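Taken in order, these protein sequences are the chains called B, X, D, F, A and W.
Using this note's numbering, read the first sequence as starting at 405 and increasing by one per residue.
Using this note's numbering, read the second sequence as starting at 405 and increasing by one per residue.
Using this note's numbering, read the third sequence as starting at 405 and increasing by one per residue.
Using this note's numbering, read the fourth sequence as starting at 405 and increasing by one per residue.
Using this note's numbering, read the fifth sequence as starting at 405 and increasing by one per residue.
Using this note's numbering, read the sixth sequence as starting at 405 and increasing by one per residue.
In this text, a Cβ means the ideal position worked out from N, Cα and C, and glycines have one as well.
Values in this document were obtained by computation on a predicted structure and should not be read as measured data.
Accompanying notes for the structure given below.
Number of protein chains: 6
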Amino acid sequence: MTNLIEYEDSSDEVRAVYDDIRTTRSSDYINNFWKVLANHPPTLRRTWETLKEVMVSPGEIDPLMRELIYIAVSVTNNCEYCIASHTAAARTKGMSDAMFGELMAIVATANMTNRLANGYQIPVDDKFKTL
Amino acid sequence: MTNLIEYEDSSDEVRAVYDDIRTTRSSDYINNFWKVLANHPPTLRRTWETLKEVMVSPGEIDPLMRELIYIAVSVTNNCEYCIASHTAAARTKGMSDAMFGELMAIVATANMTNRLANGYQIPVDDKFKTL
Amino acid sequence: MTNLIEYEDSSDEVRAVYDDIRTTRSSDYINNFWKVLANHPPTLRRTWETLKEVMVSPGEIDPLMRELIYIAVSVTNNCEYCIASHTAAARTKGMSDAMFGELMAIVATANMTNRLANGYQIPVDDKFKTL
Amino acid sequence: MTNLIEYEDSSDEVRAVYDDIRTTRSSDYINNFWKVLANHPPTLRRTWETLKEVMVSPGEIDPLMRELIYIAVSVTNNCEYCIASHTAAARTKGMSDAMFGELMAIVATANMTNRLANGYQIPVDDKFKTL
Amino acid sequence: MTNLIEYEDSSDEVRAVYDDIRTTRSSDYINNFWKVLANHPPTLRRTWETLKEVMVSPGEIDPLMRELIYIAVSVTNNCEYCIASHTAAARTKGMSDAMFGELMAIVATANMTNRLANGYQIPVDDKFKTL
Amino acid sequence: MTNLIEYEDSSDEVRAVYDDIRTTRSSDYINNFWKVLANHPPTLRRTWETLKEVMVSPGEIDPLMRELIYIAVSVTNNCEYCIASHTAAARTKGMSDAMFGELMAIVATANMTNRLANGYQIPVDDKFKTL
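In structure tokens form, the structure reads like this:
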């Protein structure tokens, strides 16, 4: 039921997305994430469009920093596939070993202080309230 | 038992940390997080030292980006205090409205794709494996 | 210490639960979850009774939909064993490929919007408040 | 910075989304979620399009069941806003008190068994493996 | 729909559980958790029976340590109600201020190291494998 | 990039930490967690110092109970490495099979009741409020 759908075996609907992935990334490689999502074409299309708009289109946060933020979420959620694939992507975009070490340190620290704030049920300072 | 421990009422051990927070941040304001942690001085000291080293000391990721990564974790964990205090910190360090909007979009998207990867139990591509 | 306890090697207390699982499911297969829980018989018994009451006894939500809800939780928590076993159970109860695709889409979307609500700290509308 | 953007004060881009929400739901009420997302129009548009496609368009899972699945995720993540708003939506679509009670029981049980599977590190049965 | 069901207004089924809570705890106080679960009597009964068996019946982990473990989970999940009620229960059973401080430190540290293990995708040492 | 850094190949900075781990644990074995963190020496040093202070230094919670609390967090987060390594540590410190079974039962139950409290949005009793 859940298969890896290869480019050669894909429907027109799926192939159109695969082609856009290839063009956007200037690479023929389609990673497993997309080959699996292709089992439900509307989810494939919608997810790719979202990822492309959020991770690739112009904005104020540069592409490498977007990857670091993405990794921070994936590590917190312990999504093995996402950590592996986006760590590879971040390397491609220039992440150094030291940068990865710093990223892990920030993620680990935030997960620690999050629980101190939860456990002590710390009231939000008035000056930090926005709405 | 869990009180907000004010500077005036703090022990020498706590006050030394409060003084370092004030110096490091060039501000007299001590936020509730530290006033609550002061109920257990070793945790206050250790947490401040960690946060200072990870968030403030020189490194390859700039201070504003560190805050964005911190917020990404806190939003994923739904830690109200941490979101509020570090959003305020990020604003101080130059986060624009657009940047916050982009940050939320990345965090939301990563949480979405994390679950697609989990639910479909997608196998990690060989080329993404490192260890 | 943690072994898979087979039917043949089980104590009377464990065997009584195994027998009830077999009868309830009209199948001789005992899956690993129960064989491992059998290492602590009170937890085996209590967990089976709860699962039987919640997933199998008559109610307003039909059995297939109960499985989909169960999978939604397991995907959000990234519990590999639970995703695998309950996806198989849902298939048995009639889940189609399209239905699984829709389920993943809903789970992914909810995880996305959950973080947008958290990150923006959106106040609950008065009309949605209940207690 | 994060304000509730009212219909009257919205830009053309935002208003187009608000109008589609009103039409799709046959109601003039715009809830706070959208009024806050409107601070970053691309996120407002993309999120609404996703939600509309996933929660409203025709499919094999009926609209009420989609809401139950959505609530299951939101309860697992403890997203207060999402629980409140989608519980209200589910009530509108016919969720009875008993159905809500059953839903909570399934979500609670799944969160329990997820941890038993994690903690005992239970190996997936061969018959449950798919890829 | 979701009301706090008071002892005076409860059905016989609900009252039997309330009576057992009062007897077990040697206190007339019924806290909100049970008054809300009473909206779905099977969930009230099943949850109370589970909690009584797991938290109160004789075992190798003493009652105060069970509360600390319970709080550790609730802080990690950020369940405000559970943190508040079980911190109160732990105080009643003898938790000192120092013990609470140490508990928070362990929970925070574990949440930190959990993410370092996730992020670096550290392989389990052979000597730690059990099944 | 992420390698297991062996004692023989370690820098002076890393070796100093390895030596302290060996001395503190009265064992030559350095587990993979430290060998991987050694890729970013400041994180290795800081994490070890924190863990040593929180898990090993004198306090009111005994060392075995600290391990149980640590496992409770790791199971809730589903951190495979952390569950495996700290379950082994707890065995060394005297955890019996029955104690592990009770621990799993408490963790599972807390994760269940956490969601009931979330889902029903139960208001905190006045008597449980502290700050």
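Residues are counted here when their Cβ sits less than 7 Å from a Cβ of chain B; for the segment 511-529 of chain X these are Val511, Thr513, Ala514, Asn515, Thr517, Asn518, Leu520, Ala521, Asn522, Tyr524, Ile526, Pro527, Val528 and Asp529, given in chain order. Between B/Arg470 and B/Val479, the gap from beta carbon to beta carbon reaches 9 Å or more. X/Val460 is classed as exposed because its beta carbon has fewer than 16 other beta carbons within 10 Å across all chains shown.
For the alpha helix (DSSP H) assignment, the uninterrupted runs of no fewer than 4 residues enclosed by the segment 410-462 of chain D are, from N- to C-terminal side, 416-429, 436-441 and 445-455. The segment 512-526 of chain D makes contact with the segment 481-493 of chain F; the number of CB pairs closer than 8 Å reaches 3 or more. Cβ atoms of F/Thr447 and F/Leu441 come within 8 Å of each other, at about 6 Å. Using a CB distance cut-off of 9 Å, X/Arg470 counts as an interface residue toward chain B. Of all alpha-carbon atoms in B/Lys439, B/Val421 and B/Asp501, the one lying nearest the alpha-carbon of B/Ile409 is that of B/Lys439. For W/Thr427, the number of other beta carbons within 10 angstroms of its own is below 16, and it is reported as exposed. Sequence-distant Cβ neighbours of D/His490 in its own chain, meaning closer than 7 Å and more than five residues away, are Glu471, Tyr474, Ile475 and Ser478. When DSSP states are grouped into helix, strand and coil, D/Val528 belongs to the coil group.
Chain-ordered listing is empty here: chain F has no CB closer than 9 Å to the CB of B/Thr480, the nearest sitting near 12 Å. In the three-state reduction of the DSSP assignment, A/Ser489 falls in the helix class. With respect to chain D, the C-beta atom of W/Met459 has no partner C-beta closer than 9 Å. Taking all protein chains shown into account, W/Gly498 has fewer than 16 neighbouring C-beta atoms within 10 Å of its C-beta and is therefore exposed. Residue environment for B/Tyr433: exposed (fewer than 16 other C-beta atoms within 10 angstroms of its C-beta). In terms of Cβ geometry, X/His444 and A/Phe504 form a close pair [threshold 9 Å].
Closer than 8 Å at the C-beta level to chain X, one finds these residues of the segment 438-456 of chain F: Asn443, His444, Pro446, Thr447, Arg450 and Thr451. Residue burial annotation: F/Ser414 is buried, with at least 16 other C-beta atoms found within 10 angstroms of its C-beta. Residue environment for B/Thr496: exposed (fewer than 16 other C-beta atoms within 10 angstroms of its C-beta). Distance from the CA atom of B/Ala509 to the CA atom of A/Trp452, rounded to whole angstroms, is 41 Å.
Taking all protein chains in view, the Cβ of W/Glu412 is surrounded by fewer than 16 other Cβ atoms within 10 Å, so the residue is classified as exposed. The beta carbon of W/Ile425 sits closer than 8 Å to the beta carbons of Ile434, Trp438 and Trp452 from its chain, once the five residues preceding and following it are set aside; these are given in chain order.
In the structure shown, D/Ile473 adopts helical secondary structure according to DSSP, grouped into three states.
Burial of W/Asn515 is indicated by the presence of at least 16 other C-beta atoms within 10 angstroms of its C-beta. Closer than 9 Å to the CB of W/Thr491 there is at least one CB belonging to chain A.
Within chain W, Val528 have C-beta atoms less than 7 Å from the C-beta of A/Glu484, given in sequence order. In the three-state reduction of the DSSP assignment, B/Ser500 falls in the coil class. Within chain B, not a single residue places a beta-carbon under 8 Å from that of A/Ala502; the smallest gap is close to 14 Å.
Residue environment for F/Glu417: exposed (fewer than 16 other C-beta atoms within 10 angstroms of its C-beta). In the three-state reduction of the DSSP assignment, D/Asn515 falls in the helix class. From the beta-carbon of F/Tyr474, the residues of chain D found nearer than 9 Å are Ala476, Ile510, Val511, Thr513, Ala514 and Thr517.
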